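Asks: As numbered in our numbering, the sequence shown has no gaps in its residue numbers, which increase by one up to the final residue, 355.
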Amino acid sequence: MTDFHWITLSLGLALVGGVWGYNSWQEWRFKKRAAEAFAKSHPDVLLDTPKNMVRQGETGMRFEPSLDEPAPVLGTANNAPETVDLSENIALAVAVLDPSLDFIAEVHPGEPVDFAVVPQIEVGKRVKVLGLNESDEWELIRPGQRYNELRVGLQLVDRQGPVSEAQMVRFCEALSGFAASEGGVATFPRREDKLHVAKELDAFCVEVDMQIGLNVVSSRAPFPINRVAAMAEAAGLVLEADGVFHARSESGKTLFSLADRHHRPIDALDDTPSITILLDVPRVAGGEQAFDRIADLAQQMALTLGGDLVDDDNRSLKPADLAAIRKQLVGIYARMDDRGIPAGGVAALRLFA
Numbered sequence: 003m004t005d006f007h008w009i010t011l012s013l014g015l016a017l018v019g020g021v022w023g024y025n026s027w028q029e030w031r032f033k034k035r036a037a038e039a040f041a042k043s044h045p046d047v048l049l050d051t052p053k054n055m056v057r058q059g060e061t062g063m064r065f066e067p068s069l070d071e072p073a074p075v076l077g078t079a080n081n082a083p084e085t086v087d088l089s090e091n092i093a094l095a096v097a098v099l100d101p102s103l104d105f106i107a108e109v110h111p112g113e114p115v116d117f118a119v120v121p122q123i124e125v126g127k128r129v130k131v132l133g134l135n136e137s138d139e140w141e142l143i144r145p146g147q148r149y150n151e152l153r154v155g156l157q158l159v160d161r162q163g164p165v166s167e168a169q170m171v172r173f174c175e176a177l178s179g180f181a182a183s184e185g186g187v188a189t190f191p192r193r194e195d196k197l198h199v200a201k202e203l204d205a206f207c208v209e210v211d212m213q214i215g216l217n218v219v220s221s222r223a224p225f226p227i228n229r230v231a232a233m234a235e236a237a238g239l240v241l242e243a244d245g246v247f248h249a250r251s252e253s254g255k256t257l258f259s260l261a262d263r264h265h266r267p268i269d270a271l272d273d274t275p276s277i278t279i280l281l282d283v284p285r286v287a288g289g290e291q292a293f294d295r296i297a298d299l300a301q302q303m304a305l306t307l308g309g310d311l312v313d314d315d316n317r318s319l320k321p322a323d324l325a326a327i328r329k330q331l332v333g334i335y336a337r338m339d340d341r342g343i344p345a346g347g348v349a350a351l352r353l354f355a
């Protein structure tokens, strides 16, 4: 081989080595930043999740399975969010900020900033702030602390729909102004890219956002509340401060609820002409088993109380109808799993709130 060949070969090997080294450094940098961001102070997302709202701000409605047509299947193979094999505590911290769910800004002030000067940004979507404290640890910002850097997340989607461009612009303007007032800068992802992600994610959420309500309606006299309460308690439900019976998991999450169909507190009634047993599908892990429980309870109550089991359109529900609903439910959970947003998980609790 000539000197030219040896030089060319050496340069090629150096180039390959440089690319490999750069990729390894990028991977190490990502994992290091993720670990730094999520190593401490993980909140309970359930405590921070607002009460359920029906999508698009409509009230008094819920989306139920169809008894006439199969549920549509949304392809996700090419658009599922990327996942990274991170440690368990980092996975827990996705409850705070997640690039697949949030528009995340980084604020680099000129000097450490006190908690008290960090603005509360109200744009109609959930906003959470992580701060790098003086011990060089990331945490949810809290009184009495000073922070060298901030990471601020604007949630892309909830049951009111996707974040709008106007909301995102207001978010960026508020943070840019704050950073400038502190002698620093704020950096953001590309708005166009995140707006596209939000729209696509919301479309998926619409496809799987279902609440199943089984109604027991009196065909004669109203149901005495004491009999309704006795059956609910025998099934393991507890009457809570909202005037609704709740069945909860061992971890305290609501599996399903039993309420007066007209949204009146049960403990304020002597009787009721109808009751509703409700399952909020995307917010409940193991929803198939929860549905089996509500189907059994609804059928038992209809038989014992002398009522009719119907859907929200007052159509009679037979065992075959319940089986069809359960089949659709299984399909919804499969699509959520394929998307990487399992029902009842942290991401689902945030998106369907």
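Note that the Cβ used here is the ideal one computed from N, Cα and C, for glycine as well. Here the structure is a predicted model, which is why all the values come from computation and not from measurement.
Taking 8 Å as the cut-off, decide whether the C-beta atoms of R295 and A345 are in contact.
Replies: No, the Cβ-Cβ distance between R295 and A345 is not below 8 Å.
Asks: Label Q213 either buried or exposed according to how many other C-beta atoms from any shown protein chain fall within 10 Å of its C-beta, with 16 as the threshold for buried.
Replies: So Q213 counts as buried.
Asks: Would E141 be called buried (16 or more neighbouring beta carbons within 10 Å of its own) or exposed?
Replies: E141 should be labelled buried.
Asks: Can you tell which of L216, A243, P111, F247 has the C-alpha that lies nearest to the C-alpha of I227?
Replies: Nearest option by C-alpha distance: F247.
Asks: Going by DSSP, what residues sit across from P226 in a beta bridge?
Replies: D273, per the DSSP bridge assignment.
Asks: Do you know offhand how far I143's Cα is from V171's?
Replies: Straight-line Cα distance between these residues: approximately 23 Å.
Asks: Please indicate yes or no: does the CB of R192 lie closer than 7 Å to some heavy atom of the ligand FMN?
Replies: In the structure on display, the ligand FMN does not appear, and there are no ligands present to speak of.
Asks: Give the secondary structure of R328 by DSSP, where H, G and I count as helix, E and B as strand, and everything else as coil.
Replies: Reduced to three states, the DSSP call for R328 is helix.
Asks: Buried or exposed: S251, going by 16 or more other Cβ atoms within 10 Å of its Cβ?
Replies: Flag for S251 reads exposed.
Asks: Give the DSSP bridge partners of E108, in chain order.
Replies: R153, T189, per the DSSP bridge assignment.
Asks: Excluding five sequence neighbours on each side, which residues of the same chain lie with their C-beta closer than 7 Å to the C-beta of D204?
Replies: So the qualifying residues of the chain are V159, G163, P164.
Asks: Which class does A304 belong to by DSSP, given the choice of helix, strand or coil?
Replies: Note: A304 maps to helix in three-state DSSP.
Asks: Where does A322 land, buried or exposed, given buried means 16+ other C-beta within 10 angstroms?
Replies: It counts as exposed.
Asks: Could you check what DSSP says for T61 in three-state terms: helix, strand or coil?
Replies: Confidence in T61 is poor, its pLDDT being 39 and thus under 50, which makes the residue's placement too unreliable to answer from.
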